[in-house]
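Encoded as structure tokens, the structure appears first; notes follow it.
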Amino acid sequence: MINKIVTLEEAMSHIKDGMTVMIGGFMAAGTPEKFMDALVEKGVKNLTLIGNDAGWPDRGIGKLLINKQAKKMIASHIGLNPEAGNQMNAGTLEMELVPQGTLAERIRAGGNGLGGLLTPTGVGTIVEEGKQKIEVDGVEYLLEKPLKADIALISASIADKRGNLYFNKATKNFNPLMATAADIVIVGAEKIVEVGEIDPNDVMTPGLFVDYMVEV
Amino acid sequence: MINKIVTLEEAMSHIKDGMTVMIGGFMAAGTPEKFMDALVEKGVKNLTLIGNDAGWPDRGIGKLLINKQAKKMIASHIGLNPEAGNQMNAGTLEMELVPQGTLAERIRAGGNGLGGLLTPTGVGTIVEEGKQKIEVDGVEYLLEKPLKADIALISASIADKRGNLYFNKATKNFNPLMATAADIVIVGAEKIVEVGEIDPNDVMTPGLFVDYMVEV
Amino acid sequence: MDAKEIIARRVAKELKDGDIVNLGIGLPTMVANYIPKDMDVMFQSENGFIGLGPVPEEGKEDEDLVNSGGQPVTIVPGAAFFDSSVSFGIIRGGHVDATVLGALQVDEKGNLANWMIPGKMVPGMGGAMDLVVGAKKVIISMTHTAKGKHKILKECKLPLTAANQVDMIITEMGVMEVRKEGIILTEINPEYTVEQVQQATEAKLIIPKDLKQMEI
Amino acid sequence: MDAKEIIARRVAKELKDGDIVNLGIGLPTMVANYIPKDMDVMFQSENGFIGLGPVPEEGKEDEDLVNSGGQPVTIVPGAAFFDSSVSFGIIRGGHVDATVLGALQVDEKGNLANWMIPGKMVPGMGGAMDLVVGAKKVIISMTHTAKGKHKILKECKLPLTAANQVDMIITEMGVMEVRKEGIILTEINPEYTVEQVQQATEAKLIIPKDLKQMEI
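Protein chains in written order, with my numbering: chain A, 1199 to 1414; chain B, 1199 to 1414; chain C, 6 to 221; chain D, 6 to 221.
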């Protein structure tokens, strides 16, 4: 079996300036916090970040924004980290705001090889700007395109050595979706156990999606 | 808490002639077999059946076909029940063959309020007949429409009294998807336990999707 | 009783036994406090679970269990966790019976604006756009005016969250239903006259013959 | 060694350590028998799991654990179960390294026909269309001709499973790669001459200078 367990440094070595990086979690719950700290220290720049939200100024994705490491962000909510709005208004951070359900589906589509999806969400709002509208059986939908990334940084409560993942409570959120949608998937696992310790019925993300794991 | 547990007879009383019925399972694994028997006995006619396959002549969805209760079937594979092909060739059963992954996504789209999805599967084959082709970023996709049903008949290994479901091993297949996509969702559960006996992390279908349950 | 309590108490009366409900952040959250003990209402938290319970006792917070505002919460028996695509599948797919949201502006066509003030507040739409499009019943709960300025308008001026989706508006002054013909004042708080309510409303209110006293 | 064993042994050599592989029903299934013991290959079963193991001993069958042909199977340590939408997300999303499938016909453009004979056999495409479109490498494993009739054609005559997706054809006569310029015979079974292989093939084979002996 290929060893996927690496050091924090090895894991972070895959992340380069200008890359598109998906970051799991929802208001920092389920965000791999150690990876945020390591990226701040590493100082990679011009990242395009994809995440549900901008976190808090001192927690989650917010740390990378405060440290001005992103040129663009794709998120559904940035209200609890004023830095995101400030950089957006100053024109130093390009911001693409996406309805949360659409964001989830776009990432899922990216990971699942779909060319896009039709959603009623956003019809009649500024979200429809620049998008194709398609009528199906008399109802109008927006065509939303898939999202993919170079890197996904996700967190898991338990991982086995094959990379099978288990998420505790509300830490699941975007993590299993992002695990499918990036060229390199790096997991910050609270606990890494032997193969077989997670019941095959209860695996939430199969190990085939995981490239590297760090016990954090 | 509303009581969702009913008798087999009560559960089957919701199924009427001419209805569209989704049936979970994959080659009869995870198909609610008791419901098949009950429907054969009840003799409802002119059903449109949606399922992965036509089962076997004596197991799964196949029983309903043998008993000539369907006017139409939407499935991905019918090769292991010759009766399906015979009725199709005789013109007494309208057959819509759908690639398995597309069938799963169409049911999911129906349950998730999406207007459709774009898939590369089937491009350049007879599956594309009558479908809109949409190009996204230079690649051609088929627009596949959502599927919904009047009734979903699914099976679960464990259900709690709220309708939270757990599927054992390969019985999961289409069951959690169909649970989202029908007006009335009826579960044949091998075991019904008290609320709380399924860990909230391990619930595979939340009870909110379930209308009726029968212990089978 | 202050305005917010009046509103929350009245909204609670709109919910029915067995309902699946999503409450927005702020005032809508208060609604949970006024659900009768013998009524079974399950609250969905769009970050990934059904069965949202009260705020935990101090010292008993679980960092894996937060609501969509990132605040510590608890779950009730029968809860279930899921990822963000399932969460919004529930929402967009019409499996949420009611959503209760605040508003910046709402108009007589049922348009809602509650997610941004251009040049000022741009927190992002989060899950609001999906909720308003997907929930079976959209209830706006808010104070009738903002510092004397109208919020119930002939036509929203702020960017919309969704078009034509609002079903009901509940304020401290009364209960309004949004129908094809316009906004109907169905109940009035006896502390106000019809004239006062109309004066606080830009849209022309339709006053039915059987205008009722607001049930609180 | 019979033709099927030759083919299965040679296909096995195409698989690499760490690969995720989906084997079609029939001849392709035999490939699993020839994977070196020290090589880590995980087999996906499209009905909903990764980690397909050998056929169970008699009397140890589990009706909840079948393959996509509905036959009893086992799982290996590190397996994981999932629903059909996840299963085909894995397939369509490019997370399967190789799929090994049989064919009725295959042509020099990489077109494949393996799911129906109009007027005769209409089993349905099952998961084949998704697999051929989604897998990183599509390997056709089959006997070179069918009762003396050509199967490797200039142009498929039967309804296609997918267009332009076949990467490699392995028969008892040799190994062929499908490239832009046509079908290249890269390896030949020393029991045959190039002329014999060409005679058994309708498409014009490109014979490279470094034509190798087929590794078995």
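Glycine residues also receive a C-beta, built at the ideal position from the N, C-alpha and C atoms.
Beta-bridge annotation (DSSP): N27/D is paired with Q49/D and T104/D. In this structure W1254/A touches N1279/A by the C-beta definition: roughly 6 angstroms separates them, less than 8 angstroms.
Contact check for I95/D against G56/D fails: the beta carbons are separated by 8 angstroms or more.
Listed along chain B, the residues sitting closer than 7 angstroms to N52/D by beta-carbon distance are F1224, A1368 and N1371.
Taking the Cα of G64/D as reference, the smallest distance to any Cα among G53/D, N72/D, F54/D and P77/D is reached at P77/D. Between A1226/A and S89/C, the CB-CB gap reaches or exceeds 8 angstroms. When secondary structure is reduced to three states using DSSP, S89/C falls in the helix class. Membership of K1270/A in any alpha helix (DSSP H) is not indicated; the residue belongs instead to the beta strand (DSSP E) covering A1268 to A1273. Here D1381/B is exposed: its Cβ has fewer than 16 other Cβ atoms, across all protein chains shown, within 10 Å. The beta carbon of A17/C lies closer than 6 angstroms to those of V36, Y39 and I40 in the same chain, with the five residues before and after it left out. T1319/B places its beta carbon 8 angstroms or farther from that of D112/D. Contact of T1317/B with chain A is assigned, a C-beta pair being separated by under 8 angstroms. Pairwise C-beta distances place the region 1262-1279 of chain B in contact with the region 1235-1246 of chain B, as three or more of them are shorter than 8 angstroms. For G1313/B, the nearest CB of chain A lies under 8 angstroms from its own CB, placing it at the interface with that chain. Remark: C-beta atoms of L1363/A and V1412/A do not approach each other more closely than 8 angstroms.
With a cut-off of 8 angstroms on Cβ pairs, the region 1328-1337 of chain B is not in contact with the region 1284-1299 of chain B, counting fewer than three such pairs. G74/C is positioned such that its CB atom lies closer than 8 angstroms to that of I30/C.
For Q1285/A, the enclosing alpha helix (DSSP H) begins and ends at P1280 to A1288.
Just measuring C-alpha positions, the residue of T150/D, N116/D, E192/D and K42/D sitting nearest T166/D is N116/D. Under the DSSP definition of a beta bridge, T1319/A lacks any partner. Proximity of K1343/A to chain B, defined by a Cβ-Cβ separation below 8 angstroms, is satisfied. With a 10 Å radius around the Cβ and a threshold of 16 neighbouring Cβ atoms, R184/D comes out exposed. Annotation for P213/C: I189 and T191 place their beta carbon closer than 7 angstroms to its own, counting only its chain and skipping 5 residues before and after. Under the 10 Å beta carbon count, Q110/C is surrounded by 16 or more other beta carbons and is classified as buried.
Listed in chain order, the positions of the region 9-37 of chain D with a beta carbon within less than 7 angstroms of a beta carbon of chain A are D22, G23 and I25. Taking the beta carbon of A1288/B as reference, no residue of chain D falls within 8 angstroms; the closest one sits roughly 13 angstroms away. Residues of the region 1395-1414 of chain A whose Cβ lies closer than 7 angstroms to any Cβ of chain D, in chain order: P1398, N1399, V1401, P1404, G1405, L1406 and F1407.
Residue nearest to K21/D within the set A8/D, D45/D and P33/D is D45/D (criterion: CA-CA distance). In the DSSP assignment, N1371/B forms a beta bridge with D88/D. What A133/C touches in chain B, judged by beta-carbon distance under 7 angstroms, is nothing: the nearest beta carbon there is about 15 angstroms away.
Look at the region 166-187 of chain C: the residues with a C-beta under 8 angstroms from a C-beta of chain A are T166, A167, A168 and N169. Here S1211/A is exposed. Its C-beta has fewer than 16 other C-beta atoms within 10 Å.
With contacts defined by Cβ atoms closer than 8 angstroms, T1218/B and G1309/B do not form a contacting pair.
Around the beta carbon of M173/C, a 10 Å sphere encloses 16 or more other beta carbons of the protein chains shown; the residue is thus reported as buried. Contact between the region 1382-1389 of chain A and the region 100-107 of chain C is absent, with fewer than three C-beta pairs closer than 8 angstroms. Taking a beta-carbon distance threshold of 8 angstroms, A1379/B does not count as an interface residue toward chain D.
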